[in-house]
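Top line first, the protein sequences correspond to chains V and R.
Reminder that position 97 of the first sequence reads as 96 in numbering that gives the first Met the number 0, one-by-one numbering, no gaps.
Reminder that position 236 of the second sequence reads as 235 in numbering that gives the first Met the number 0, one-by-one numbering, no gaps.
One structure is given here, and the rest of the page talks about it.
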Amino acid sequence: MRNDRLTALVLIAVSIFALLESNRYGPLSRLFPRVVAVALGVLSLVLLVQGIVRARPGYRPKSVGLPSASGAEPSVTGSAGDTRGMLFSLLVMVAWTLLLEPVGFWAASVLAFSTLVLILRTPGKTVVWKNILGGAILVTMFVLVFRIALRVPLPEGLLW
Amino acid sequence: MPAVVLALLQVIHPINLFLVTLGVGAGIVVGALPGLTATMAIALLVPFTFGMNVVHALVLLGGMYCGAIYGGSYSAILINTPGTPAAIATTFDGFTLAKKGHAYRAIVVATIASVVGGLIGVFFLLFLSPPLARASLRFGPPEFFWLTVFGLTIIATISPKSTVKGLIGGAVGLLIGTIGIAPIEGTIRFSFGTLALQNGISLIPALIGLFCLPEILDMIASRNEEHSAIPYRSQRHMLRRVWRLMRRKPWLLIRSGLIGTGIGIIPGAGANIAGMVSYNEAVRVSSEPEKFGKGNLDGITASEASNNAGVAGSLVPLLTLGIPGAPPAAVLLGALLLKGFRPGAELFTVHATVTYTFMFSLIVANLVLLPLGLMLGKGASKVVAGLPVSLLAPLVFFLSVIGAFAIQNNIADVYVMFALGLVGYAGRKLGFQPGPIVLGLILGVMCEQGLVQSILIGRAAGMPVAIFFTRPISLVLIGLTLFSAGWPMISRMRRRAAAPSHDSDSTISSGGSHA
Chain V
0 MRNDRLTALV LIAVSIFALL ESNRYGPLSR LFPRVVAVAL GVLSLVLLVQ
50 GIVRARPGYR PKSVGLPSAS GAEPSVTGSA GDTRGMLFSL LVMVAWTLLL
100 EPVGFWAASV LAFSTLVLIL RTPGKTVVWK NILGGAILVT MFVLVFRIAL
150 RVPLPEGLLW
Chain R
0 MPAVVLALLQ VIHPINLFLV TLGVGAGIVV GALPGLTATM AIALLVPFTF
50 GMNVVHALVL LGGMYCGAIY GGSYSAILIN TPGTPAAIAT TFDGFTLAKK
100 GHAYRAIVVA TIASVVGGLI GVFFLLFLSP PLARASLRFG PPEFFWLTVF
150 GLTIIATISP KSTVKGLIGG AVGLLIGTIG IAPIEGTIRF SFGTLALQNG
200 ISLIPALIGL FCLPEILDMI ASRNEEHSAI PYRSQRHMLR RVWRLMRRKP
250 WLLIRSGLIG TGIGIIPGAG ANIAGMVSYN EAVRVSSEPE KFGKGNLDGI
300 TASEASNNAG VAGSLVPLLT LGIPGAPPAA VLLGALLLKG FRPGAELFTV
350 HATVTYTFMF SLIVANLVLL PLGLMLGKGA SKVVAGLPVS LLAPLVFFLS
400 VIGAFAIQNN IADVYVMFAL GLVGYAGRKL GFQPGPIVLG LILGVMCEQG
450 LVQSILIGRA AGMPVAIFFT RPISLVLIGL TLFSAGWPMI SRMRRRAAAP
500 SHDSDSTISS GGSHA
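Shown next as structure tokens:
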């Protein structure tokens with residue numbers, strides 16, 4: 000519920016910003032963003048009120064079948080199992096994305112792919128070199144198909 | 000010899016049969032890759048058809064169009080990322096089934112639905128093209144505005160856990176859609192001086208980011224030993240079993256096919272919206288709406304029958320009036336013009352043999368889809384199931400990056416994909432699903448154009464507000480919108496009346512994630 004309140008406040012700020020920013024545009028360009036910003040603000044306000052009401056002691060959720068259930072608990076898919084692995088992987092993905100242009104699409108992808116295989120391996124069970132080799136072959140194959148057959152100019156960078 | 004007979008003889012010629020099969024197969028593969036849309040597949044293939052005669056070229060391109068729209072269901076089912084925007088609604092139930100080990104079952108349903116939906120669409124293309132095309136021309140800006148408003152009511156269906164959060168997601172999608180050049184005045188909005196944002200947020204990178212990255216991160220966070228994220232359970236006689244289930248609900252297939260054809264015919268609407276509208280209708284009329292989003296075969300049927308029917312639907316205004324019903328049809332129009340063929344009456348008189356051969360080839364393409372789709376689908380589900388997370392996660396991310404880049408050959412799209420992926424992940428943890436955001440993004444531009452153009456036309460006619468409420472098709476769409484928006488409330492009241500004692504425990508509390 001606390002998350003809902005914080006989210007609602009952030010979204011209200013976004014809608015106010017969109018409203019103020021749209022003032023700079025012409026009458027026909029600002030009409031639609033304004034309507035949407037107002038709608039977003041009102042809906043966020045509803046979410047905020049829901050969050051406040053539900054945070055009160057003694058509140059019992061009342062809900063009936065689908066499709067309804069306004070404001071139920073957020074669905075948290077996935078477990079907190081390997082948060083560290085996820086954060087490391089995320090960092091690799093950020094680096095992967097940023098290195099595509101300077102290093103080259105193929106080189107950055109092979110490097111990042113191999114790093115991810117290493118991070119996500121299960122010690123004693125994963126045959127790391129096989130996965131890295133398999134990944135490198137797959138990446139090379141896709142890069143060749145896109146570059147040669149589909150004529151997509153993937154960034155070449157320093158190392159292709 | 001009559002043109003229709005000549006066309007029939009042409010279509011069963013071995014070369015044409017081979018080209019249809021090739022087109023369908025290549026289309027499935029391209030459509031299955033996130034980021035590579037049917038439009039892109041056809042656009043990439045057009046240069047290869049320069050040297051072909053017109054029949055061969057059209058047969059190949061038509062097969063590719065059918066295959067690509069169907070192929071989008073593979074990645075929707077296997078990795079929760081629609082291969083093409085038309086398959087968004089397929090993710091809702093398809094991926095849930097895949098996680099339970101029934102990926103192939105979901106693919107069989109998608110295949111049968113696509114074949115039946117596609118054939119329904121071709122039926123209308125063959126027999127009712129001229130009147131349907133004329134009717135589609137009656138869609139002006141007010142009708143488009145109301146069509147998008149109707150489309151937005153789908154949010155209530157695809158956000159069963161929280162309607163408010165669904166609507167907020169829709170509003171966020173609409174707001175993201177306003178980034179870039181305004182459709183009427185041409186003002187650059189919300190770009191913050193960044194060149195990358197001046198052209199707006201492209202749908203495909205947004206789609207990949209919002210659906211795919213959260214799934215990869217969850218896959219990593221919840222990985223368990225060296226197992227695959229998607230188990231695979233083999234069942235014998237799957238086709239027969241699934242068909243037995245599906246034939247019990249012929250109306251679901253027919254209704255979805257009709258919705259797909261109808262929306263496909265409307266220029267600019269296309270299969271993207273058709274799949275969502277059809278899914279919404281399937282939930283609305285179902286006696287068990289609570290089962291949707293949890294691996295319900297009807298959800299996949301509705302989405303896939305509808306989006307493949309939209310293929311032939313989008314060709315109705317193209318062949319009769321030269322107005323493409325969807326972006327891939329626009330590329331087909333280019334191919335037709337390159338060959339010196341002008342859509343319109345001439346196509347059905349002077350070039351009738353070519354036109355009917357093309358139409359018949361779509362029937363063949365849909366029939367070829369069945370064995371080819373099942374074969375490739377079984378292979379794809381086995382391959383994905385055989386991959387451990389340590390290989391699947393980087394592979395899916397790699398495909399996301401390459402798909403986001405290839406759509407416009409622009410590195411900024413990769414950054415947008417990644418940024419929206421993070422937003423999608425945070426949103427998922429806070430209970431916001433990607434479906435409504437993407438729906439807002441898809442409908443936003445059409446909605447704004449309809450609204451502003453209607454106001455301009457209305458002002459010129461001295462009735463800026465009345466123009467929205469006085470045209471017959473608009474009134475029908477307003478009625479549908481009110482009905483669709485009010486349906487959850489009506490449904491709730493009916494449920495309360497039917498089972499008053501179960502009020503407290505009938506909530507969908509788990510497993511209903513659409514993500």
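Glycine is no exception: its CB is placed at the ideal position from the N, C-alpha and C atoms.
Residue Gly70(R) holds the alpha-carbon nearest to the alpha-carbon of valine 23(R) among Ile477(R), Leu7(R), Pro13(R) and Gly70(R).
Close CB contacts of leucine 39(V) within its chain, under the 8 Å cut and outside five residues either way in sequence, are with Leu10, Val13, Ser14 and Ala17 (chain order).
Closest by C-alpha distance to leucine 337(R), out of Val53(R), Thr38(R), Arg283(R) and Ile11(R), is Val53(R).
Taking all protein chains shown into account, alanine 270(R) has 16 or more neighbouring C-beta atoms within 10 Å of its C-beta and is therefore buried. Looking only at Ser113(R), Gly256(R), Tyr73(R) and Gly120(R), the smallest Cα-Cα distance to phenylalanine 94(R) is reached by Tyr73(R). Beyond the five residues adjoining it in sequence on each side, glycine 343(R) comes within less than 8 Å, by CB distance, of Thr319, Leu320 and Gly321 in the same chain, given in chain order. Within chain R, the residues Leu174 have their CB atoms less than 8 Å from the CB of alanine 36(V), given in chain order.
The beta carbon of tyrosine 414(R) falls within 8 Å of a beta carbon belonging to chain V, placing the residue at that interface. The C-beta of isoleucine 14(R) has fewer than 16 other C-beta atoms within 10 Å across all chains shown, which makes the residue exposed. For histidine 55(R), the enclosing alpha helix (DSSP H) begins and ends at 53-78. Exclusion of the five residues before and after arginine 470(R) leaves Pro141 as the residues of its chain whose Cβ lies within less than 6 Å of its Cβ. Annotation for asparagine 307(R): the continuous alpha helix (DSSP H) segment containing it runs 296-320. Legend: CB atoms of the stretch 104-119 of chain R lying less than 7 Å from CB atoms of chain V are not found in any residue. The beta carbon of valine 163(R) sits closer than 8 Å to some beta carbon of chain V. Residues of the same chain with a CB within less than 6 Å of the CB of threonine 162(R), apart from the 5 flanking positions on each side, are Ala155 in chain order. For tyrosine 24(V), there is no enclosing alpha helix (DSSP H), as DSSP marks it with neither H nor E. The CB of glutamate 184(R) comes closer than 7 Å to the CB of Gly25, Leu27 and Ser28 in chain V, given here in chain order.
Under the 10 Å beta carbon count, alanine 325(R) is surrounded by 16 or more other beta carbons and is classified as buried. Residue contact with chain R for valine 138(V): present (Cβ-Cβ distance below 8 Å to some residue of chain R). Annotation: glycine 50(V) has no Cβ neighbours in chain R at a cutoff of 7 Å; minimum Cβ distance is about 10 Å. Look at isoleucine 180(R) here: in three-state DSSP terms it is strand. Rounded to the nearest whole angstrom, the CA to CA distance from valine 108(R) to arginine 243(R) is 11 Å. Distance check between tryptophan 145(R) and each of Ser305(R), Ile87(R), Met445(R) and Gly116(R) places Met445(R) closest, using alpha-carbon atoms only. Taking C-alpha positions only, threonine 114(V) is separated from valine 127(V) by approximately 10 Å.
When Ile219(R), Pro463(R), Pro393(R) and Phe91(R) are compared, the shortest CA-CA separation from leucine 86(V) is found for Ile219(R). For the pair isoleucine 436(R) and glycine 165(R), the Cα-to-Cα distance works out to about 8 Å. DSSP places leucine 479(R) inside the alpha helix (DSSP H), whose first and last residues are 471-497. Neighbours of valine 395(R) across chain V, judged by C-beta separation under 9 Å, do not exist; the nearest C-beta is about 11 Å away. Any Cβ of chain V closer than 8 Å to the Cβ of arginine 232(R) would place that residue at the interface, and such an atom is absent. Against chain R, a Cβ distance below 9 Å from leucine 153(V) picks out Ile401, Phe404, Ala405 and Asn408.
In this structure, the beta-carbon distance from isoleucine 258(R) to serine 277(R) falls below 8 Å. Using beta-carbon distances, arginine 239(R) does not count as an interface residue toward chain V, since no partner is under 8 Å. By the CB criterion at 8 Å, proline 327(R) and tyrosine 103(R) fall outside the cutoff. The residue from Val45(V), Pro32(V) and Glu20(V) with its alpha-carbon nearest to that of leucine 8(V) is Val45(V).
Rounded to whole angstroms, the separation of the alpha carbons of glutamate 155(V) and alanine 329(R) is 32 Å.
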